[in-house]
Amino acid sequence: MPRLSLDDPVTAITGINTAYGGKLERVGVKTVRDLLLYFPRKHRDFGNVTPIAWVRPGMQTTVRARVYHIARQVTPRKHMQIARATVSDDSGQLNVVWFNQPYIASYLHEGDQIFLAGEVDLNGGLVMKNPEYEKVSSDPSHAARIVPIYPETKGLTSRWLRPKIRPLLWLAEQLDEVLPGEILARRGFMPRAAAVKQVHFPESMEALERARDRFEFEEIFLNQVAVQQAKRARQSHAADPIPFDEATARAFVAALPFKLTHAQRGAAWQILKDVARPQPMNRLLEGDVGSGKTVVAAMAIHHVARAGFQSMLLAPTEILARQHADVVDSLLRPFGIVVGMLLGSTPAAARRALLTSVADGSVNLLVGTHALIEEDVRFRHLALAVVDEQHRFGVGQRLSVRQGELWPHFLSMTATPIPRTLGLTLFGDLDISVLNEMPPGRLPVTTRLVPPDERQGAYDFIRQQVSAGRQVFVICPLIQESDKLGVRSATQEVQKLQRDVFPDLASRIALLHGRMKTAEKEEVMGKFQRGEVGILVSTSVVEVGIDIPNATVMMVEAAERFGLAQLHQFRGRVGRGVHESTCLLFTDMDDPETMRRLTALVTHHSGFDLAEIDLQLRGMGELHGFRQHGNEFKMASLLDVALISDGQGEAVRLLDRDPTLAGEPALRRQLSAYRRVFALD
Ligand code: ADP
Ligand code: MG
Numbered sequence: 017m018p019r020l021s022l023d024d025p026v027t028a029i030t031g032i033n034t035a036y037g038g039k040l041e042r043v044g045v046k047t048v049r050d051l052l053l054y055f056p057r058k059h060r061d062f063g064n065v066t067p068i069a070w071v072r073p074g075m076q077t078t079v080r081a082r083v084y085h086i087a088r089q090v091t092p093r094k095h096m097q098i099a100r101a102t103v104s105d106d107s108g109q110l111n112v113v114w115f116n117q118p119y120i121a122s123y124l125h126e127g128d129q130i131f132l133a134g135e136v137d138l139n140g141g142l143v144m145k146n147p148e149y150e151k152v153s154s155d156p157s158h159a160a161r162i163v164p165i166y167p168e169t170k171g172l173t174s175r176w177l178r179p180k181i182r183p184l185l186w187l188a189e190q191l192d193e194v195l196p197g198e199i200l201a202r203r204g205f206m207p208r209a210a211a212v213k214q215v216h217f218p219e220s221m222e223a224l225e226r227a228r229d230r231f232e233f234e235e236i237f238l239n240q241v242a243v244q245q246a247k248r249a250r251q252s253h254a255a256d257p258i259p260f261d262e263a264t265a266r267a268f269v270a271a272l273p274f275k276l277t278h279a280q281r282g283a284a285w286q287i288l289k290d291v292a293r294p295q296p297m298n299r300l301l302e303g304d305v306g307s308g309k310t311v312v313a314a315m316a317i318h319h320v321a322r323a324g325f326q327s328m329l330l331a332p333t334e335i336l337a338r339q340h341a342d343v344v345d346s347l348l349r350p351f352g353i354v355v356g357m358l359l360g361s362t363p364a365a366a367r368r369a370l371l372t373s374v375a376d377g378s379v380n381l382l383v384g385t386h387a388l389i390e391e392d393v394r395f396r397h398l399a400l401a402v403v404d405e406q407h408r409f410g411v412g413q414r415l416s417v418r419q420g421e422l423w424p425h426f427l428s429m430t431a432t433p434i435p436r437t438l439g440l441t442l443f444g445d446l447d448i449s450v451l452n453e454m455p456p457g458r459l460p461v462t463t464r465l466v467p468p469d470e471r472q473g474a475y476d477f478i479r480q481q482v483s484a485g486r487q488v489f490v491i492c493p494l495i496q497e498s499d500k501l502g503v504r505s506a507t508q509e510v511q512k513l514q515r516d517v518f519p520d521l522a523s524r525i526a527l528l529h530g531r532m533k534t535a536e537k538e539e540v541m542g543k544f545q546r547g548e549v550g551i552l553v554s555t556s557v558v559e560v561g562i563d564i565p566n567a568t569v570m571m572v573e574a575a576e577r578f579g580l581a582q583l584h585q586f587r588g589r590v591g592r593g594v595h596e597s598t599c600l601l602f603t604d605m606d607d608p609e610t611m612r613r614l615t616a617l618v619t620h621h622s623g624f625d626l627a628e629i630d631l632q633l634r635g636m637g638e639l640h641g642f643r644q645h646g647n648e649f650k651m652a653s654l655l656d657v658a659l660i661s662d663g664q665g666e667a668v669r670l671l672d673r674d675p676t677l678a679g680e681p682a683l684r685r686q687l688s689a690y691r692r693v694f695a696l697d
């Protein structure tokens, strides 16, 4: 394919029709360049060619043999189509079977010299099951070498991809080197073109290792350059300094009905120091559900109001906005601070009046939803923006709260625990304060794994709680029954509970899911908040922030389908009042992996521990709330602290030496795409 160039669509490649073009597009591969950079997930080392007599059960290897006999068959009981062969070399004979691939019997013929690669079993004689196969040549792609295994999704098999990618490798020479030459030389990294070739079809395990090292570093380095640039850009902007005032701080603390925890004091101190600077703060306040983030934010809002400036507090839903407005108003009203609330549902006349008071500065704090960041909301002097559960909004919306030359100080709050390494990478432009301590007196939530045969007992327990006046959440993974997976849908669950399980309570069971209109959702949540609904059946929409102290049971169906951090969030919805609470995890699975994950929830009560465990067991793609970034790190492990700090160190050094990256045009080009994905511009 000599005429091909990197920017051609993949359909320009021989053997890729529009149907396959569509499949590739679904995994983000549109051009020849994309396909070259579509890396294997792992490799199998089939490099050793072993005489049949030397092959041992359990061995992963290649044999080179002649087809003695091959035929298509149907298995007697399951009626599965198979191809069965006997092959031999000078040293011995081997049986081969391919399940569900009967066509192999017409592709390979008696007398063919072939490579077979795979694992050998002992099953009344040596047998290879579903081996890779290829007619012998001097340059095989599927056997007798280290073989790439691609992410096998959406109908793209490794066997199909290998011969498409291999003839493209010469084009790797035309890819830009994005790492600065100085770093490449000093750290001895493999150049990009060579590394692309080695990562697809490695010459040796050592070469593969070096190629991977290079790409792992490249990913982290790109991320760190982008993050450090964003940080520098922010620090070059001005913000209103809010001077720290000890008397103001003391007065606020003295008026609280409780003593701040040590962690709350620490975080508040960091925030007050940040806002005292003439550059905008960009801080994340991270703390488990119930750790008391709102009070910390209120303390900063108090300071800002005392200094004569305004704040806004943005919440992801109307219910949460109302909750925040109530709480913050009760904390701040005694100081004469005026709190306004603006929601999508605020009537036009009230909205107009409110906006006037915001514009003339008589409202000190405006609490609300998305409605806050609409065009016509003008503050007299906004100095602080607080956003609760920012990842629920999407990154772009954060930017529209900047106004004019001065940037407001920015504080975001989240209950999603972010492991330290993630904090350095995806959130590297953020300073982080952690509330790693709970206010005293909170009852721990008892967590139980419920196997299928104990379901009735769990229902009895729920009935008893509801009869005693308590309330119950039931979480289901999907809205509609999909489903050979047997996933319970919230809709069907409601029917089942109303008809079969709790017919006497039917009128007090309600449904909540993400496809309902906002107003409907708010209405259902309102009824639950007021205690009119006893059992709320919901999809995962319910997870964040809502405070129902009377709810004592969190029951999760098909718990194995959720990430640990998300299950922990669910659990945080109960145990918020004076009654003892229980989290019931239902699962029909009993494989060791599921058991290990779910048991972690029974034994661990810290969201941070659970997030780390989740990251280790399932990778960061599953880390709740950050799935939108899930594909960015394909090679680098976010558990690799040394790698991340290396990448960060090099990024800082490079930007110190060449702040505009004038000397690195290829890196600059690569970053512009990267920055778009991360919304860093
Ligand atoms: P979250 O971090 O989940 O947003 P909240 O700010 O909603 O937590 O606080 C949860 C509850 O704990 C609130 O009722 C709040 O008044 C209470 N609270 C906060 N800090 C303390 C404290 N230091 N001591 C006792 N109760 C506290
Ligand atoms: Mg909160």
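If you're matching positions, the sequence shown starts at 17 in my numbering and goes up one per residue. Cβ coordinates follow ideal geometry from the N, Cα and C atoms, glycine included. Note that this is a predicted model, so its numbers are computed, not measured.
- Following the DSSP letters along the chain, one finds Ala401 in no alpha helix (DSSP H) but inside the beta strand (DSSP E) bounded by residues 398-404.
- Short note on Pro332: C-beta not closer than 7 angstroms to any heavy atom of the ligand ADP.
- Considered as a whole, the region 278-305 harbours 278-291 as its complete alpha helix (DSSP H) runs of no fewer than 4 residues, in chain order.
- Within 7 angstroms of the C-beta of Thr310 there is at least one heavy atom belonging to the ligand MG.
- By alpha-carbon distance to Asp192, the top candidate from Asp392, Leu184, Ile199, Pro207 is Pro207.
- When Ala652, Phe624, Pro675 are compared, the shortest CA-CA separation from Val305 is found for Phe624.
- Here the region 450-464 lies against the region 271-280, with 3 or more beta-carbon pairs under 8 angstroms apart.
- Here Arg684 has Leu677 as same chain residues with Cβ atoms under 6 angstroms from its own Cβ, once five neighbours each way along the sequence are excluded.
- With a beta-carbon spacing of about 5 angstroms, Glu576 and Thr603 fall inside the 8 angstroms limit used to define contacts.
- Contact annotation, Leu400 with Val311: C-beta distance approximately 15 angstroms; criterion of less than 8 angstroms not satisfied.
- The beta carbon of Asp290 sits no closer than 7 angstroms to any heavy atom of the ligand MG.
- Note that the C-beta distance between Asp404 and His340 is below 8 angstroms.
- Taken atom to atom, the span from the alpha-carbon of Gly44 to that of Lys213 is near 20 angstroms.
- Pairing Val510 with Val466 gives a Cβ-Cβ distance that is not under 8 angstroms.
- For Asp304, the distance from the CB to the nearest heavy atom of the ligand MG is not below 7 angstroms.
- Excluding the 5 residues flanking it on each side, Asp376 has same chain C-beta neighbours closer than 7 angstroms at Arg396, in chain order.
- In terms of Cα proximity to Pro67, the closest of Tyr54, Leu51, Val136, Arg49 is Val136.
- DSSP lists Val113 as the bridge partner or partners of Lys145.
- In this structure, Gln481 lies near Val569, with their beta-carbon atoms less than 8 angstroms apart.
- With a cut-off of 7 angstroms, the C-beta of Asp404 is classified as near the ligand MG, since at least one heavy atom of the ligand falls inside that distance.
- Around Leu184, the same chain offers Met17, Leu20, Ile29, Val48, Leu51, Leu52 as residues with beta carbons nearer than 8 angstroms, after the five sequence neighbours per side are excluded.
- Under the three-state reduction of DSSP, Thr173 is assigned to coil, being neither helix nor strand.
- Counting only runs of at least 4 residues, the region 17-80 fully encloses the following alpha helix (DSSP H) elements, listed from N- to C-terminal order: 34-42, 48-52.
- Within a 10 Å sphere around the beta-carbon of Gly663 sit 16 or more other beta-carbons, which makes this residue buried.
- In this structure, the CA atom of Arg228 is about 14 angstroms from the CA atom of Ile165.
- Sequence-distant Cβ neighbours of Pro424 in its own chain, meaning closer than 6 angstroms and more than five residues away, are Leu398, Ala399, Leu400, Ala401.
- Along the region 219-285, the alpha helix (DSSP H) occurs as fully enclosed runs of 4 or more residues at 221-251, 262-271, listed in sequence order.
- In this structure Leu381 is in contact with Ala321, their Cβ atoms being roughly 7 angstroms apart against a cut-off of 8 angstroms.
- A straight-line Cα-Cα distance of about 20 angstroms links Ile660 and Arg673.
- When the Cα atoms are used, Ile32 and Glu198 turn out to be separated by approximately 39 angstroms.
- The beta carbons of Arg60 and Val143 sit no closer together than 8 angstroms.
- Inclusion of Thr277 in the 7 angstroms shell around the ligand ADP follows from its C-beta lying nearer than that to a non-hydrogen atom of the ligand.
- Counting along the chain, the unbroken beta strand (DSSP E) around Gln326 starts and ends at 326-330.
- Rounded to the nearest whole angstrom, the CA to CA distance from Gly360 to His621 is 36 angstroms.
- Here Tyr84 carries a strand assignment [DSSP, helix/strand/coil].
- Gly134 has Thr77 as its beta-bridge partners, per DSSP.
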